[in-house]
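Structure record follows, encoded as structure tokens.
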Amino acid sequence: MARADDPRVVWAVRIGFAVLVLIVWQAAAAWFGANFVASPGGMVTSAIALVRSGELLRYLLPTLGVLSAGFAIGVVVGVPAGLAIGRWQRLYWLSEGPINLFYTTPMAAVIPVILVILGFGASTKIFIVFVFVVFSVIINSAAGIRNVDGDLLELARSYGSSELSRWREILVPSALPFVLTGIRIGIGRALIGAVVAEFYAGIDGVGYLIIQYSNRFNVAAALVPVAVLVALGVGSTTLLKWLHRRLTPWADQAGTG
């Protein structure tokens with residue numbers, strides 16, 4: 337009898353669930369009609385048409401540029417900021433309130449204000465994606481440092497270990513699972529930020545493409561770029577989960593992944 341964690345069992349369950357979703361989806365499309373629920377076949381047909389016309393790629397490239405730049409800046413700023421905030425108590429006390437305030441603020445409601453102040457260019461969209469990403473990365477990175485075993489740090493200090501050595505040998509390895517988790521969360525938030533920014537300010541990008549086809553009541557075509565973004569997000573998070581397991585094999589037992 338196969339174990340529940342056998343890879344064959346896992347994949348059988350996943351494939352079976354995917355087939356069930358497709359069946360229910362097709363049934364819903366047949367029941368409500370194509371103007372309300374796009375069928376899987378209709379989406380495939382629309383996707384082929386968008387690819388052949390070059391329209392999908394033309395609108396996808398600007399989104400990928402904004403998404404990549406905003407996400408990269410968010411990670412580059414967020415990781416060291418979070419590590420520093422987690423390491424030094426006074427900095428944590430100083431920044432905890434503002435960071436939690438910004439993180440819990442519904443950013444979609446603030447985007448119009450940002451656009452009015454900064455304009456409607458690509459740099460503003462990059463800034464919006466950055467804002468969506470950076471606080472989740474900061475919070476998780478800081479949590480990783482604050483969850484380091486204090487006894488290990490005290491032992492290292494008693495043996496005369498330098499601050500740099502403690503960072504290299506204890507702090508960074510211990511915080512890495514939390515950092516990777518924050519980056520993984522940031523991927524989803526980056527996708528949301530990029531699309532919402534294009535909803536408000538787009539004359540290009542997949543957000544604008546979604547609005548255009550929604551206004552034409554072409555549900556299948558409007559969902560094609562959504563499916564592309566979902567695939568991009570799933571692929572990116574899957575890659576990060578793989579890196580997580582490779583770089584921090586002990587984290588699965590600790591429950592941080």
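Each residue of the sequence shown is one higher than the last, beginning at 337 in the numbering used here.
Glycine is no exception: its CB is placed at the ideal position from the N, C-alpha and C atoms.
Worksheet entry | Local conformation of V373 per DSSP, three classes | Here DSSP, grouped into helix, strand and coil, assigns V373 to coil.
Discussion item. I need the boundaries of the alpha helix (DSSP H) containing Y439, first residue and last residue.
Written reply: 425 to 440
Discussion item. Considering only their Cβ atoms, is the gap separating S477 from A511 smaller than 8 Å?
Written reply: yes
Fill in: Terminal residues of the alpha helix (DSSP H) in which S497 lies
Segment: none, S497 is in no alpha helix (DSSP H) and carries neither H nor E.
Discussion item. So, at 7 Å on beta carbons, what are the nonlocal neighbours of R482 in its own chain, with the 5 sequence-adjacent residues on each side left out?
Written reply: G422
Discussion item. Could you check whether the segment 529 to 542 touches the segment 566 to 586, counting it as contact only if at least three pairs of C-beta atoms, one from each stretch, sit closer than 8 Å?
Written reply: no
Worksheet item: Cβ of V560 within 8 Å of Cβ of T399?
Response: no
Practice prompt. Could you have a look at I539 and say whether DSSP puts it in helix, strand or coil?
Written response: coil
Worksheet item: Roughly how many whole angstroms lie between the Cα atoms of I409 and V562?
Response: 24 Å
Worksheet item: In three-state terms, what does DSSP make of G593?
Response: For G593, the pLDDT reaches just 46, beneath the cut-off of 50, and the residue's location in the model is therefore unreliable, leaving the point undetermined.
Worksheet item: Thinking C-alpha only, which one of S431, W367, Q362, D540 is nearest V380?
Response: Q362
Worksheet item: With distances taken between CB atoms, is the gap from M443 to V467 smaller than 8 Å?
Response: yes
Worksheet item: Can S382 and A557 be called in contact, C-beta distance under 8 Å?
Response: yes
Discussion item. Could you check whether L489 and I506 sit closer than 8 Å to each other, using their CB atoms as the reference points?
Written reply: Here I506 is near L489, since their CB atoms are less than 8 Å apart.
Practice prompt. In angstroms with no decimal places, state the Cα-to-Cα distance between V452 and W578.
Written response: 40 Å
Worksheet item: Per DSSP, what kind of secondary structure is P585 in: helix, strand or coil?
Response: coil
Item to complete: Starting from the N-terminal side, write out each stretch of the alpha helix (DSSP H) that is 4 residues or longer and does not extend beyond the segment 436 to 481.
Response: 443 to 454
Discussion item. Between the alpha carbons of G593 and L491, how many angstroms are there, rounded?
Written reply: Annotation note: pLDDT 46 at G593 (below 50); position unreliable, coordinate value reported separately. About 27 Å.
Practice prompt. Return helix, strand or coil for V345, following the three-state DSSP convention.
Written response: helix
Fill in: For G524, the three-state DSSP class (helix, strand or coil)
In the three-state reduction of the DSSP assignment, G524 falls in the helix class.
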